[in-house]
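Quick note, the sequences are listed as chains H and C, same order. Mapping of the first sequence onto our numbering: residues 2 to 149, in sequence order. Mapping of the second sequence onto our numbering: residues 2 to 149, in sequence order. The beta carbon of each residue, even a glycine, is placed where N, CA and C say it ideally should be.
2 protein chains.
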Amino acid sequence: MKKLAVLGLTAALAGISSAALAAPKPFEAIEYRQGIFKAVKWNFGPMGDMMKGKTEFNAEEFKSRADNLAALSKMPLEGFVAGTYSSKTAALPAIEDDWETFAKGMESFQTASAALAEAAKTGDKGEIGPAFMQVAKTCKGCHDQFKD
Amino acid sequence: MKKLAVLGLTAALAGISSAALAAPKPFEAIEYRQGIFKAVKWNFGPMGDMMKGKTEFNAEEFKSRADNLAALSKMPLEGFVAGTYSSKTAALPAIEDDWETFAKGMESFQTASAALAEAAKTGDKGEIGPAFMQVAKTCKGCHDQFKD
C-alpha cells in the first residue's frame, strides 16, 4: 500500500487537516511524474552521449547534470498515487500491486544517482563510467517491470 | 542572445564536437521546461497551502519541498532555446527578444528559491513567510512579461 495513501487514510481517520488531504488530481500526478522523467532524460541523455564519446566530455557540464539528476531522482515517487494507472500513462498497475518492489527500485535510483553526482566531482571519466552504468541499470530495472 | 546558442555557434565555428551540438528537438525543449514547471507547481502549491493555513504546517515536508524547488529553479533556463516559441507553449517570443531580462528573472527565481530553502531549515513560519512571498514575486515577475 502506498505511503501517501496510508498517510491520507490516517489523517482522514484522525479527522485532521493535513497536506496529504490536499490530494492532487490524477492527471496532475501523471503530468508531474512524467515531467520529472522528461527532465531526467534531458540530463541523462547528454551524459550518456559524453560517456559514449558521441560528444566531447565536459567535466563541468557532466557534474551539473549529475547534480540535477540526483535532485530529480528524489522526486517522482510521490507522483505515483493510487488511481493513476489507467490512461495517459505508461506506468503499469503493477506499481500498485507491488508497491514495495517499486519503491525499492526508486530508492536504488536515488542511491545510484547520488553516487554518480559524487563520482562526477572527480571529473575523471574512469571513475564516472561505472557509476553512470549503475544509474542506467536502475532505470532499466524499473522500466522492465513497471513501464508499458 | 542565448547562452546555448552562443555556445553552439562557438563550437560549430571551432569545428569541434560538443554537447551543445547535440541540440534537442524543439518539442523536447518545450516538454522539458514544461515538465520542470509542473514539478515547481507540484511543490509550490502545497507550500502555499501551508503558508495560507489551508493545510497544517509541516516543517519537515515544507523543507523537503523547498529543497526540491531550489534544485528545480536551476533547471528551466536551458530549455528556452531558439525556435521554441511558436506552438504548444505559453512562452512568448519576448523571451528571445529580451533574453537578458528573462535570464535575470530566472536568476532571481533561483536566488529566492535558495533563500527559501535556507529559511525552511529554521522550521519557523515567521521566517519562512517573507522568503516564500519573495519566490512568488519572482514567478509573477516573469509570467507577467514572458508568459501568455
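Alpha carbon of residue i to alpha carbon of residue j, nearest angstrom
i, j, result
"H:Gly84", "H:Leu70", "27 Å"
"H:Trp43", "C:Ala30", "8 Å"
"H:Thr139", "C:Phe45", "29 Å"
"H:Thr90", "H:Glu62", "31 Å"
"H:Glu57", "C:Lys141", "38 Å"
"H:Asp50", "C:Ala72", "23 Å"
"C:Glu108", "C:Ala67", "16 Å"
"H:Phe110", "H:Val82", "19 Å"
"C:Cys143", "C:Gly54", "26 Å"
"C:Lys26", "C:Glu32", "10 Å"
"C:Asp145", "H:Asp145", "43 Å"
Same chain, Cβ closer than 6 Å to residue i, five either side skipped, listed in chain order
i, result
"C:Pro77", "Arg34, Ile37"
"H:Ala113", "Gln135, Val136, Thr139"
Residue j beta carbon less than 9 Å from that of residue i
i, j, result
"H:Ser74", "H:Ala115", "yes"
"H:Ala92", "H:Phe28", "no"
"H:Ala60", "H:Gly124", "yes"
"C:Ala40", "H:Ala40", "yes"
"C:Lys64", "C:Lys126", "no"
Same chain, Cβ closer than 7 Å to residue i, neighbours up to 5 away in sequence not counted
i, result
"H:Pro94", "Tyr86"
"C:Phe133", "Met48, Met52, Leu117"
"C:Asp149", "Ala91, Leu93"
8 Å Cβ shell around residue i - same chain, five flanking residues per side excluded
i, result
"C:Glu128", "Ala120"
Opposing strand residues paired with residue i [DSSP bridges]
i, result
"H:Lys122", "DSSP output for H:Lys122 lists no bridge partner at all."
"C:Ala92", "C:Lys148"
Three CB pairs or more closer than 8 Å across the region 96-103 of chain C and the region 91-110 of chain H: no
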